[in-house]
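Residue numbers (our numbering): 18 to 311.
Every residue gets a Cβ at the ideal spot worked out from N, C-alpha and C, and that includes glycine.
Report on one structure; see the data block that follows.
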């Protein structure tokens, strides 16, 4: 909570809400057309978790959600963990797919392991791992290892969707980071998978342009986005951050669906799992009590 008023920010939010600030997550309700599912590459961490019987599983709509960001180090992994924790709390089975993990050696914990630690028992899969903290295409080339292509990502997501209620695919950096020498990106994989793309953004000054550019790229690929999540909402937000609560939905052309508090990744797992649904709108499996601060 902050003190003081920002009447113009409040008016902008009122206009955004009038245009429609809500929306349910929409994901394919059918198997992903034209995509097989026959292989995964090394560095898979399987902690299979099935919630309930096959009959219970069929009551849930299988969905795949890609998670991208407007940049790097903005809270994609913690946001992914929060969505996973909220889904697990509702009794859903969750898989987390990391197509390319960079900047981590073979014996270090990566992003999938962090999601597992925070959220609980998910099925975690990495398709490739490269030691240098670079864009996947460059990291693969420098390591002399094969890159990950969009079809491989889409196939892996489809295979996981066949046995899980929710599959979260966390990208590397931003939407148009190159995965291979041909210039394929996470957007190409999401288009093959016919899956929506959630955008994780920063809170403060500069985020509107980056968010608008990401939204423009999504539209150019014909991709839908359920909305935006602020990946690290400050405990004492400044004026720009407060105004961005109203302006981000306009920049993204999609609603603001979550505010993950800064430092959430440092919480104990039990505390994280208890709090996570409160950070997210119902469209992401969060609490009906979720509200964007006025």
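- For residue 97, same chain residues with a beta-carbon under 6 angstroms away, outside a window of 5 residues either side, are 84, 132, 185 and 187 in chain order.
- Three or more Cβ pairs drawn from the segment 91-108 and the segment 273-290 lie within less than 8 angstroms of each other, which places the two stretches in contact.
- For the pair of segments examined, the segment 246-258 was found not to touch the segment 116-133: the number of CB pairs separated by less than 8 angstroms stays below three.
- Judged by DSSP in its simplified three-state form, residue 132 adopts helix.
- Remark: C-beta atoms of residue 242 and residue 215 approach each other more closely than 9 angstroms.
- Apart from the 5 residues on each side of it in sequence, residue 206 sits with its Cβ closer than 6 angstroms to the Cβ of 167, 170 and 171 in its chain, given in chain order.
- Pairing residue 223 with residue 255 gives a Cβ-Cβ distance that is not under 9 angstroms.
- Between residue 195 and residue 154 the beta-carbon gap is near 4 angstroms, inside 8 angstroms, which marks them as a contact.
- Cα atoms of residue 311 and residue 99: separation of roughly 23 angstroms, rounded to the nearest angstrom.
- Spatial neighbours of residue 274 in its own chain (CB-CB distance under 7 angstroms, excluding positions within 5 residues in sequence) are listed in chain order as 243, 244, 245, 246, 297, 298, 300 and 301.
- If you check the CB distance, residue 126 and residue 290 do not come in under 9 angstroms.
- Excluding sequence positions up to five before and after residue 238, its CB lies within less than 8 angstroms of the CB of 204, 205, 207 and 208, all in the same chain and listed in chain order.
- Under the three-state reduction of DSSP output, residue 158 falls in the helix class.
- Within the model, the alpha-carbon separation for residue 252 versus residue 295 is close to 15 angstroms.
- For residue 83, there is no enclosing alpha helix (DSSP H); the enclosing beta strand (DSSP E) has its first and last residue at 80-86.
- Going by beta carbons, residue 136 and residue 306 fall outside the 9 angstroms limit.
- For residue 230, the enclosing alpha helix (DSSP H) stretches over residues 224-237.
- In the DSSP assignment, residue 95 falls within the alpha helix (DSSP H) that extends over 93-106.
- Every unbroken stretch of the alpha helix (DSSP H) spanning 4 or more residues and falling wholly within the segment 239-289 is given here in chain order: 256-269.
- Membership of residue 308 in any beta strand (DSSP E) is not indicated, and neither H nor E is assigned to it by DSSP.
- By the C-beta density criterion, residue 225 is buried, having at least 16 other C-beta atoms within 10 angstroms.
- For a cut-off of 8 angstroms, the C-beta gap from residue 286 to residue 134 is around 6 angstroms, short enough to register as a contact.
- For residue 143, the closest C-alpha among the options 149, 151, 130 and 152 is that of 130.
- Residue 213 and residue 80 have their C-alpha atoms roughly 9 angstroms apart.
- According to the DSSP assignment, residue 174 belongs to the alpha helix (DSSP H) that extends over 167-178.
- Per DSSP, residue 146 is not a residue of any alpha helix (DSSP H); the beta strand (DSSP E) it occupies stretches across 140-147.
- Under the three-state reduction of DSSP output, residue 183 falls in the strand class.
- Closest in alpha carbon position to residue 232, among 258, 217 and 270, is 270.
- Residue 192 and residue 218 have their alpha carbons spaced roughly 12 angstroms apart.
- Looking at the DSSP output, residue 214 bridges to 83.
- Taking the Cα positions, residue 272 is about 32 angstroms away from residue 120.
- Look at residue 204 here: in three-state DSSP terms it is helix.
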